[in-house]
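J.: Got a structure for you, written out below as structure tokens; questions coming shortly.
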Amino acid sequence: MLNLFSIVIGLVALLLGIVPFLPFFAWGYWFVIPIAIVGAAVGALSSRDTGRNLNLILILIFGLRLMLGGGFI
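In full-length UniProt numbering, the protein residues as written are 1 to 73.
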């Protein structure tokens, strides 16, 4: 059950992460990355690791995009 909840949190973070992917909106990742961190924490409590891995991949992608923009753009 926790794995399913983690996957849902990851999908919400993914949907919220689409808008900041546009130029000049990358600062929105400062709000999306903590959601994915919560999803990874919930996924770590689960016996399966699908939800945790989804959220870790999202954190990696969003963090990389945030670093490419210098943390602001």
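Note that CB positions come from ideal geometry on N, CA and C, so glycine has one too.
What three-state label does DSSP hand residue 59 in the structure shown?
T.: helix
J.: What does the Cβ neighbour count give for residue 23, buried or exposed, with the cut at 16 atoms within 10 Å?
T.: exposed
J.: According to DSSP, is residue 23 part of a helix, a strand, or is it coil?
T.: coil
J.: Kindly list the residues whose CB is nearer than 6 Å to the CB of residue 35, restricted to its own chain and excluding five residues on each side of it in sequence; keep chain order.
T.: Closer than 6 Å at Cβ, skipping near neighbours: 13.
J.: Rounding to the nearest angstrom, what Cα-Cα distance links residue 52 and residue 37 in this structure?
T.: 9 Å
J.: Run through DSSP, which three-state label would residue 70 get?
T.: coil
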